[in-house]
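A.B. asks: Residue 513 in UniProt numbering sits at position 513 of the sequence shown; the count goes up by one each step and never skips.
Glycine residues also receive a C-beta, built at the ideal position from the N, C-alpha and C atoms.
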Amino acid sequence: MQLLTKNKNTLNEKLHKIAQGFLSPRDVLFEIEEEQLTDLLSPNFVKENDQSPIGQGESILPGDVSGQLVLDRKLGELLLQEAQSRNTTINLIYSLTTGDLEDFYVLTSSKGFFTNQKARTTFCPVQASCEGIPTLVDVNCQYQFNIEPKMLTYTFNDGSKFYIEQPLREVIFEKDTINEGDYISLNANKGLIFKGNLSANPSTIIKVYQILSKAFLESLEIYGPANAEQNIIHSSTYQHNKQFLIETIESSEFVGFQKLLRAAYEVSELKVLSTAHTARTMTLTRMYGSDISLVNGDICLKGYSERYGLGLLRDERMWNQSTDIDLMRIIFLGEEIVGENFSHYREKYLKRFTDMVYDVFKVGTGEIAVVRLLCMPYNMIFTKDFNTENFSEKYNLNNKAVSDRVNILANESETYHGCRGVRVTVQRQDICEIWCEGIIKAAHKAQTNDIDVTLQILLSMVTFPKEVSMFIETFEKLVQSYGIQDLVRGVSIMIETSGSFHVLEDILDVKGTNIDLNGALFGGNDFTAACLNMNRADSAKSIIPEYVKLNIMPSSPFQIINEQIVGKSIVQGLRRTKLLKLSNEREYLMGLGGEIAGSWQSVKWLSKHAAPHGLNYVSTPPDRILFSLFASAQSVLQALYSDIS
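1. Sort TRP319, ARG26 and SER599 by Cα distance to ARG262 and report the nearest one.
2. Threshold first: 3 residues or longer. Then list the beta strand (DSSP E) segments lying entirely within the region 294-372, N to C.
3. At least one CB of chain B closer than 8 Å to the CB of ASP486: is that the case?
4. What's the gap between the Cα of LEU629 and the Cα of TYR265?
5. Secondary structure at VAL28, three-state DSSP: helix, strand or coil?
6. Quick check: the Cα distance between LEU75 and SER213, rounded to an integer number of angstroms?
7. Which residues in the same chain have their Cβ closer than 6 Å to the Cβ of MET282, if we skip the five residues on either side of it in sequence?
8. Report the residue from MET494, THR448, LEU192 and ASN187 whose alpha carbon sits nearest the alpha carbon of PHE464.
9. Could you give the C-beta distance for LEU284 and PRO622, rounded to a whole number, given that I count them as a contact under 8 Å?
10. Thinking C-beta only, is LEU532 closer than 8 Å to ASN551?
11. Return the chain-ordered list of same chain residues with a C-beta closer than 8 Å to the C-beta of ASP506, the five sequence neighbours on each side being excluded.
12. Where do the ends of the alpha helix (DSSP H) carrying ASP103 lie?
13. Return the chain-ordered ranges of every beta strand (DSSP E) run that is complete within the region 467-519 and spans a minimum of 3 residues.
14. Just mark LEU101 as buried or exposed, buried being the case when its beta carbon has 16 or more other beta carbons within 10 Å.
15. Should VAL267 go down as buried or exposed, given a rule of 16 or more other Cβ atoms within 10 Å for buried?
16. Kindly identify the DSSP beta-bridge partner or partners of ASN187.
17. Ordered along the chain, which non-local residues of its own chain (more than five positions away) have a Cβ less than 6 Å from that of LEU11?
18. Given that a residue counts as buried once 16 or more other Cβ atoms are within 10 Å of its Cβ, and exposed if not, what is GLY294?
19. Measure from the alpha carbon of VAL503 to the alpha carbon of each residue in SER607, GLU306, VAL468 and GLY524, then state which is nearest.
20. Less than 8 Å between the C-beta atoms of SER110 and GLY67, yes or no?
21. Between the region 315-322 and the region 364-380, are three or more C-beta pairs nearer than 8 Å?
22. What do you get for SER481, buried or exposed, if any count of 16 or more other CB atoms within 10 angstroms of its CB means buried?
23. Excluding the five sequence neighbours on either side, which residues of its own chain have a C-beta within less than 6 Å of the C-beta of ALA529, listed in chain order?
24. Nearest by alpha-carbon distance to GLU221: which of VAL406, GLN564 and THR237 is it?
25. Could you pull out every residue in the same chain whose Cβ sits closer than 7 Å to the Cβ of LYS608, ignoring the five residues on either side in sequence?
26. Is it buried or exposed, PRO134, if we count other Cβ atoms within 10 angstroms and call 16 or more buried?
27. If we require 3 or more residues per run, which beta strand (DSSP E) segments fall completely within the region 241-279?
28. Residues in the same chain with beta-carbon distance under 7 Å from SER403, minus the five sequence neighbours each way, listed in chain order, please.
29. Report yes or no: do three or more beta-carbon pairs, one from the region 534-549 and one from the region 586-602, lie closer than 8 Å?
30. Just list the residues that DSSP pairs THR177 with in beta bridges.
31. Short check: CB of LEU29 to CB of ALA633, under 8 Å?
32. Is ILE184 near LYS195, with beta carbons less than 8 Å apart?
33. Using the rule of at least 16 other Cβ atoms within 10 Å of the residue's Cβ for burial, across every protein chain shown, is MET376 buried or exposed?
34. Under 8 Å: do the region 141-158 and the region 119-130 share three or more Cβ pairs, one atom per stretch?
35. Which one or two residues does DSSP pair with PHE162 in a beta bridge?
36. Mind reading off the beta-carbon distance from VAL65 to LEU79? Whole number of angstroms is fine, and I expect it under 8 Å.
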């Protein structure tokens, strides 16, 4: 037996030396490689000597995972519901070519995801990787479906079996065919796919953070937000895992890692905030920002709110259950279509939305909570195969009215630069009001429960200054009515359209009576698409591969920042904002999100070239926070060494 990694031992040795005081954490930060950190923090397969990969693809999020293959959303939903009814879980690997909002539940409940689609930034790869699910794209496979029935057997984690007859569905690789229901293993660390159910060695360091996150959430429910941290040791999760936690936390590997992490926080000039929309992911973020030690034989957590924050809450990712998605659809259809029951559904939507946002706030959002205006494309809510007849019957609506409305909404050909964000709320004042009210009520509830929240609203798809002023006018009125003025830092815009970049000063100078426009976030994917005038899905097939071969671009600009055009534009935008600040004396909070915010090479470049001009933070999912933090710290140290030498 051998591990599929070689770098882990090298970094382990250095962590031991850091713990013993024989090696400086900064020296290790200076030379650490992304691959070494990946091997340390991701589960790694134990590989049989005769095991060979059957396929390969491009890794978006690393981690080695195994499960039974699912190629159909409805089958996946059925298996997950059955597991829940049996009070157990099931390990699934989900795969499909394209997906939409309705795939979200199965996608984010699976152990891994792969697709033969080339684009990294389309719906399913983005959602999976943001949820911490090991993901591969551009896999060398094809899908084949037949009507011929086949009996499938799925095994739950309690050992029980589930038998179901399904049409024959399979994935065809170069030399192998994998049927739905077969075990398959993704080595997303290396971009490889194996047959069978390979066993993996988990990262003990990440396991500590995951257990403590679960224990914190349990303590939060029992003891409340103010007392959750100090009572974590009384949770059943902690008690059940106490021996493992103590042995690991007192190990030289973990002690060395904590010192390394502390040094990274001290050195990094960029804040690395979290892209999160669940209590679990926000708690994991909080744990990464905490010092963890042993005191009198028990774990002691010391959180530092200045180390972490909520850099981007995308509420469209919260709406992943079928009933919730339907509720969103009803709101988008509007009172004219829904009729007299609309107010009933509005209240249901408002309560559900408020509860979901508060569920994140209650964990503690650290230094800032940047919450983005609902940015769900119409054609993701109402897909081309959306059954209006069934929907109308289910909710007692007029099918013709629903169908006519959906035909308008669903037939938008441009998904990402279409009608979403402020382009919806300027046309639908009712949606603007209900969204604002949900955020405000969640923040007010947090304040009532003595939870600190510093709210920054983020507007997406902004192109014109008036879009911003219209939103601020609505938002200010509701903030004042709930009396939470002291919780609101201000409003930010996403710089993701060419229009927002060209009239940046005009937009950033917008202000309300009491609330200013005082921040911006560069959208990694959409700003790249705007700068290069490339569709992020199509260009992965039609432009980028050949441009990389021809050395016109060094790599995919949606994977690693394009320094020549996109990077230069970001720096220009930051410089222009600094000049504006001299005249209006506002403190602008400037950030960058999207996939490149979790890219090692991109963050190093941003730390060196953008941070000196006012970039305050990058926002990335929790599973990439440590990578971005270490990359930023390394960039600072290497720049210092370069200056000295």
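C.D. replies: Taking the geometry as given:
1. Here residue 262 is taken as the residue at index 262 of the sequence shown, counted from 1. Answer by Cα proximity: ARG26.
2. 298-303, 310-314 and 369-372
3. Judged by its chain identifiers, the structure shown contains no chain B, having just a single protein chain.
4. One-based indexing of the sequence shown puts residue 629 at position 629. One-based indexing of the sequence shown puts residue 265 at position 265. For LEU629 and TYR265, the distance between alpha carbons rounds to 7 Å.
5. On the sequence shown, residue 28 is found 28 positions in, with the first residue counted as 1. Residue state, collapsed to three classes: helix.
6. What you label residue 75 is simply residue 75 of the sequence shown in a count that begins at 1. What you label residue 213 is simply residue 213 of the sequence shown in a count that begins at 1. In a straight line, the C-alpha of LEU75 is about 31 Å away from that of SER213.
7. For the purposes of this step, residue 282 is identified with residue 282 of the sequence shown, where counting begins at 1. Correct list, in chain order: ALA276, VAL360 and VAL363.
8. Sequence index remark: in the sequence shown, residue 464 carries index 464 (1-based). The candidate whose alpha carbon is nearest that of PHE464 is MET494.
9. Stepping through the sequence shown from its first residue, residue 284 is reached at position 284. Stepping through the sequence shown from its first residue, residue 622 is reached at position 622. That pair is a contact at about 4 Å.
10. Counting from 1 along the sequence shown, the entry for residue 551 is found at position 551. Counting from 1 along the sequence shown, the entry for residue 532 is found at position 532. Taking 8 Å as the Cβ cut-off, ASN551 and LEU532 do not qualify as a contacting pair.
11. Within the sequence shown, the letter at position 506 stands for residue 506. Around ASP506: PRO465.
12. Within the sequence shown, residue 103 is the residue found at index 103, counting from 1. Here ASP103 belongs to no alpha helix (DSSP H), and DSSP marks it neither H nor E.
13. 488-495
14. Counted from its first residue, the sequence shown places residue 101 at position 101. It counts as buried.
15. The residue given as residue 267 occupies position 267 in the sequence shown. Within 10 angstroms of the beta-carbon of VAL267 lie 16 or more other beta-carbons, which makes it buried.
16. The residue labelled residue 187 in the question sits at position 187 within the sequence shown. Beta-bridge pairing links ASN187 to ASP64 and LEU192.
17. Here residue 11 is taken as the residue at index 11 of the sequence shown, counted from 1. Correct list, in chain order: GLN36 and LEU40.
18. Counting from one through the sequence shown, the residue named residue 294 turns up at place 294. Correcting the residue identity first, residue 294 is Leu in this sequence and not Gly. Burial call: exposed.
19. For the purposes of this step, residue 503 is identified with residue 503 of the sequence shown, where counting begins at 1. Minimum Cα distance to VAL503 is reached at VAL468.
20. Translated into positions along the sequence shown, residue 110 becomes position 110. Translated into positions along the sequence shown, residue 67 becomes position 67. Taking 8 Å as the Cβ cut-off, SER110 and GLY67 qualify as a contacting pair.
21. yes
22. As a position in the sequence shown, residue 481 is number 481, starting the count at 1. Counting Cβ neighbours within 10 Å, SER481 comes out exposed, since fewer than 16 surround it.
23. Position 529 of the sequence shown, counted from the first residue, corresponds to residue 529. For ALA529, where only same-chain residues beyond five positions count, the Cβ hits under 6 Å are ARG536.
24. Start at 1 with the first residue of the sequence shown, and residue 221 comes out as number 221. Taking only the C-alpha atoms, the option nearest GLU221 is THR237.
25. Within the sequence shown, numbered from 1, the residue matching residue 608 stands at position 608. A distance below 7 Å between beta-carbons, with the five flanking residues on each side excluded, links LYS608 to the following residues of its chain, in chain order: SER635 and ALA639.
26. Translated into the one-based positions of the sequence shown, residue 134 becomes position 134. By the 10 Å Cβ count, PRO134 comes out buried.
27. 271-275
28. As a working mapping, residue 403 is identified with position 403 in the sequence shown. Cβ neighbours of SER403 beyond the five flanking positions: THR388.
29. no
30. Walking along the sequence shown from the start, residue 177 turns up at place 177. DSSP lists ILE172 as the bridge partner or partners of THR177.
31. In the sequence shown, the residue the question calls residue 29 occupies position 29. In the sequence shown, the residue the question calls residue 633 occupies position 633. In contact: LEU29 and ALA633 (Cβ atoms closer than 8 Å).
32. Start at 1 with the first residue of the sequence shown, and residue 184 comes out as number 184. Start at 1 with the first residue of the sequence shown, and residue 195 comes out as number 195. In contact: ILE184 and LYS195 (Cβ atoms closer than 8 Å).
33. Taking the sequence shown and counting its residues from 1, the one referred to as residue 376 is at position 376. Buried, by the Cβ-count rule.
34. no
35. Residue numbering aside, residue 162 sits at position 162 when the sequence shown is read from its first letter. In DSSP, PHE162 forms a bridge with TYR154.
36. Translated into the one-based positions of the sequence shown, residue 65 becomes position 65. Translated into the one-based positions of the sequence shown, residue 79 becomes position 79. No, VAL65 and LEU79 are not in contact; Cβ-Cβ is about 16 Å, not under 8 Å.
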